[in-house]
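Before any comments, here is the structure.
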Amino acid sequence: MSAGAEGGGLSKSLGPVMIWGLGVGYVISGEYFGWNLGLAEGGPYGMLVATLIVSAMYLCFVLSYAELSCAMPRAGGAFVYADRALGPVWGFVAGVAQLVEFLFAPPAIAFAIGAYFQNFGIGVAPEWVAVIAFVVFVGVNIRGVTVSAIFELCVTVLAVIELLIFAGVTLPQFSWAAFSSDPLPKGWSGVLPALPFAIWFYLAIEGVANVAEEARDPARDIPRAFLAAIGTLMFLALLTFFASVGVAGWEAVVVDPATGEPSDSPLPLALSHVVGDSHALFHLLVSVGLLGLIASFHGIILVAGRAVYEFGRVGYLPAALGRTWPRFRTPASGLLMTMVVGFVALATGKTGEIITLAVFGAVTLYILSMCSLFVLRRREPGLARPFRAPGYPVVPALALALALFCFAALVFYNPALFGVYALIVGLSLGGFLLFGPKRARPPV
């Protein structure tokens, strides 16, 4: 029986435009919140340098990762690649890292959705808005991948348009004096602690590989979608960065003046300095801005369910998590597990810490994926590679070097959170070594 045959397998229904929509949608909330917290560490200059470093890493990574996703189009993504190249132990570690990224990113985004809703004075606490968002969008994802992808494409396009409108309103008020105010609050050393927040600009774009199994033509569509998505996101990241900070300085988009706490809604803060918070345009753009958060929230839930599904399908999680719902051919059990983990993370109330944990998982995934690419090129030169990483070996080597640099900086500046991450990975690996080999079957 082929992998995934249980429960009918996944539906092959995605074309290149829908996959582009998913790729941009997974990430686009990073333009709406999260990145601004890095300004408190690096200021505008340090955050800009961190963003350029991370942009280079992601460009090289995507060019290289597309080769793996076309050669092995499976829902497990990095887990499948590392298992084949590095063996079951490192494959398992890659899978756990992927799960940490995809399971912890949605609650961080859900917090931001709750924060954005507070602009409307709805009288519902952000935490409850986040819970409602989980219930609604897990349900949408269970309904079917085609429905999910069409919805994702629509909200992603609207979210991109909103960012362009936001830039059109704020950039005429751009001031270099405002942008350069207190440019390095902690000196150039602030670049390093700003890195995880720069990574948030692009976090989860690798989720494109997790829907390769559902693409109609993975060899053609996945590389095109990957490259179009990273190009779109690099442009939007820099545009949003300058448009937000250049209005009233970086502090205006980091601290919420109403609470004195770090803000999860930097774009409305910047916009309020241009048109005021009672202007109709402010409310219109804040309303549309929610679509960017919804796009990423919905999209990452989609890919998280598939990452859980692959782990269940090969036996590293309970078999029930590796089955699809026959009616809709979606990984319903994996999606429900995503929601449960999200509720636990929401209970902590720590957006910045949740973001950093997700980034630890992502960077681990990048490192192991690039190692897998090098090993497979040497060990399996005859493996069918419909797309080959351009500039090999320089491009993937640069991606690997920058990922290692980012990981070292993460550990140095976040030792306590690294301890939490290491505990999650260590306990998971211990359970795998004790029980996994007796019941697991490797990806094919």
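The sequence shown begins at 382 in the working numbering and counts up by one.
Even for Gly, the Cβ is constructed at its ideal location relative to N, Cα and C.
What would DSSP say about residue i, mapped onto helix, strand or coil?
i	result
Leu565	coil
Trp330	A query on residue 330 cannot be resolved here, the shown segment of the chain reaching from 382 to 825 and no further.
Ala596	strand
Ala386	Residue placement at Ala386 cannot be trusted, given a pLDDT of 39 that sits under 50; the coordinates are not used to answer.
Val443	helix
Val512	helix
Leu764	coil
Val635	coil
Leu395	strand
Pro643	strand
Tyr794	helix
Gly811	helix
Quick check: is the beta carbon of residue i nearer than 8 Å to any beta carbon in chain C?
i	result
Val435	Included in the structure is just one protein chain, with no chain C present.
Span of the alpha helix (DSSP H) holding residue i?
i	result
Leu716	713-727
Gln479	469-498
Val689	661-694
Gly411	410-413
Phe560	557-560
Using a 10 Å radius around the Cβ and a threshold of 16 neighbouring Cβ atoms, would you call residue i buried or exposed?
i	result
Asp658	exposed
Arg708	exposed
Phe793	exposed
Leu373	Any question about residue 373 goes unanswered here, given that the chain covers just 382 to 825.
Trp826	A question about residue 826 goes unanswered here, because the residues of the chain that appear run from 382 up to 825.
Phe616	exposed
Ala726	buried
Thr705	buried
Pro507	buried
Thr729	exposed
Glu587	buried
Asp645	buried
Pro604	buried
Ala386	Annotation note: pLDDT 39 at Ala386 (below 50); position unreliable, no value reported.
His679	buried
Would you please state the rounded distance, in angstroms, between the beta carbons of residue i and residue j? I believe it to be under 8 Å.
i	j	result
Leu444	Val806	In fact, because the Cβ distance is near 27 Å, the residues do not count as touching under 8 Å.
Ala452	Arg766	5 Å
Ala600	Tyr446	Going by Cβ atoms, the distance from Ala600 to Tyr446 rounds to 15 Å, so no, they are not a contact pair.
Pro454	Ala596	7 Å
Leu717	Val519	7 Å
Ala713	Ile523	5 Å
Please state whether the Cβ-Cβ distance between residue i and residue j is less than 8 Å.
i	j	result
Ala579	Trp471	no
Leu749	Leu467	yes
Ala676	Ala540	yes
Tyr583	Val461	no
Glu412	Leu544	yes
Val655	Thr551	yes
Ile758	Gly715	Going by the sequence as given, residue 758 is Arg instead of Ile. Cβ distance not < 8 Å, so Arg758 and Gly715 don't count as in contact.
Leu738	Tyr697	no
Cys787	Leu576	yes
Asp602	Ile400	yes
Ala463	Ser753	yes
Ala511	Phe483	no
Phe547	Gly627	no
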